[in-house]
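Before any comments, here is the structure.
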Amino acid sequence: AQSVTQLDSQVPVFEEAPVELRCNYSSSVSVYLFWYVQYPNQGLQLLLKYLSGSTLVESINGFEAEFNKSQTSFHLRKPSVHISDTAEYFCAVSGHSSNTGKLIFGQGTTLQVKP
Amino acid sequence: DTEVTQTPKHLVMGMTNKKSLKCEQHMGHRAMYWYKQKAKKPPELMFVYSYEKLSINESVPSRFSPECPNSSLLNLHLHALQPEDSALYLCASSVRQAGWNEQFFGPGTRLTVL
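Sequence lines, in order, name chains S and Y.
Numbered as in this note's numbering, the first sequence ends at 115 without a single skipped number.
Numbered as in this note's numbering, the second sequence ends at 1114 without a single skipped number.
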């Protein structure tokens, strides 16, 4: 079984400041890792994913996340945030071997970008 | 077409009503999902369909009845709901029912049960 812990429920930050949203997971098998973003009154959108290969993955809008197997972490970072990044961010894992397609979500982190 | 659409956007129903939520995708995906999301919480998986067959039912009460009439369409029939069923209902799809496949989410139907 897998579980995901997002260590911060809310992260307030000023515009143009850097931000890190933390995600740790627990699993007895290899996992795929995802970050989804949910803007107010919308569904979830995939921000980035780690399946294999390079442990650093990037999104088109400046976010990046690094898979750290020894620390079982997949923290999300952005060097300079914008007001428009205000949203709920969910880290999620899926087990390699289950083939069920089930995503295990963390509790979410609310990113609040202030002017 | 790279989106999942859901109708209606909002739904208010009484506890004795029967209503349906509809989800549609034209990406050729063969796995479709229903999630329930309460405010400030992550989505909770309810059902998964793979190749139009029910693959996973996460012990959802029978007042929720899913249906997959074809590979593009997914319905959720609602009957005799309770106020605690009020939530955002999200539909998603993926190429296949497999862990590495990205799930594409629709905007959701916000359901209020009076």
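Where is the CB? At the ideal position from N, CA and C, for every residue including glycine.
Cβ of residue i within 8 Å of any chain S Cβ
i: V1121 (chain Y); result: Outside the displayed range of chain Y (1001 to 1114) lies residue 1121 (chain Y), so it cannot be described from this structure.
i: G1108 (chain Y); result: yes
i: P1066 (chain Y); result: no
i: P1042 (chain Y); result: yes
i: L1090 (chain Y); result: yes
i: E1084 (chain Y); result: no
i: G1028 (chain Y); result: no
i: W1034 (chain Y); result: no
i: A1031 (chain Y); result: yes
i: L1045 (chain Y); result: yes
i: S1059 (chain Y); result: no
i: E1102 (chain Y); result: yes
Burial state of residue i, where buried means 16 or more other Cβ atoms lie within 10 Å
i: Q38 (chain S); result: buried
i: N1101 (chain Y); result: buried
i: Y89 (chain S); result: buried
i: A87 (chain S); result: buried
i: L1114 (chain Y); result: exposed
i: S1050 (chain Y); result: buried
i: K1038 (chain Y); result: exposed
i: L56 (chain S); result: exposed
i: K49 (chain S); result: buried
Test: residue i CB closer than 8 Å to a CB of chain Y
i: F67 (chain S); result: no
i: S80 (chain S); result: no
i: S3 (chain S); result: no
i: Y32 (chain S); result: yes
i: S94 (chain S); result: yes
i: L48 (chain S); result: no
i: L72 (chain S); result: For the sequence presented, residue 72 (chain S) should be read as Thr rather than Leu. So no, T72 (chain S) is outside the interface.
i: F63 (chain S); result: no
i: Q107 (chain S); result: yes
Beta strand (DSSP E) segment containing residue i, residue limits
i: N41 (chain S); result: That residue, N41 (chain S), is in no beta strand (DSSP E); it is neither H nor E in DSSP.
i: F1064 (chain Y); result: F1064 to N1070
i: M1027 (chain Y); result: Neither: M1027 (chain Y) is in no beta strand (DSSP E) and is coded neither H nor E.
i: L103 (chain S); result: Where L103 (chain S) is concerned, there is no enclosing beta strand (DSSP E), given that its DSSP letter is neither H nor E.
i: Y1051 (chain Y); result: Here Y1051 (chain Y) belongs to no beta strand (DSSP E), and DSSP marks it neither H nor E.
i: G95 (chain S); result: A87 to G95
i: P122 (chain S); result: This structure gives no information on residue 122 (chain S), because the portion of chain S shown stretches from 1 to 115.
i: F74 (chain S); result: S73 to K78
8 Å Cβ cutoff met for residue i and residue j
i: Y1089 (chain Y); j: K1053 (chain Y); result: no
i: A1092 (chain Y); j: T1016 (chain Y); result: no
i: L76 (chain S); j: F67 (chain S); result: no
i: V93 (chain S); j: V13 (chain S); result: no
i: F1047 (chain Y); j: P1069 (chain Y); result: no
i: L1076 (chain Y); j: F1064 (chain Y); result: yes
message: To be precise: take each residue of the segment 14-46 of chain S, compare its Cβ to all Cβ atoms of chain Y, and keep it if any distance is under 9 Å. Which residues remain?
response: V31, Y32, F34, Y36, Q38, N41, Q42, G43, L44, Q45 and L46
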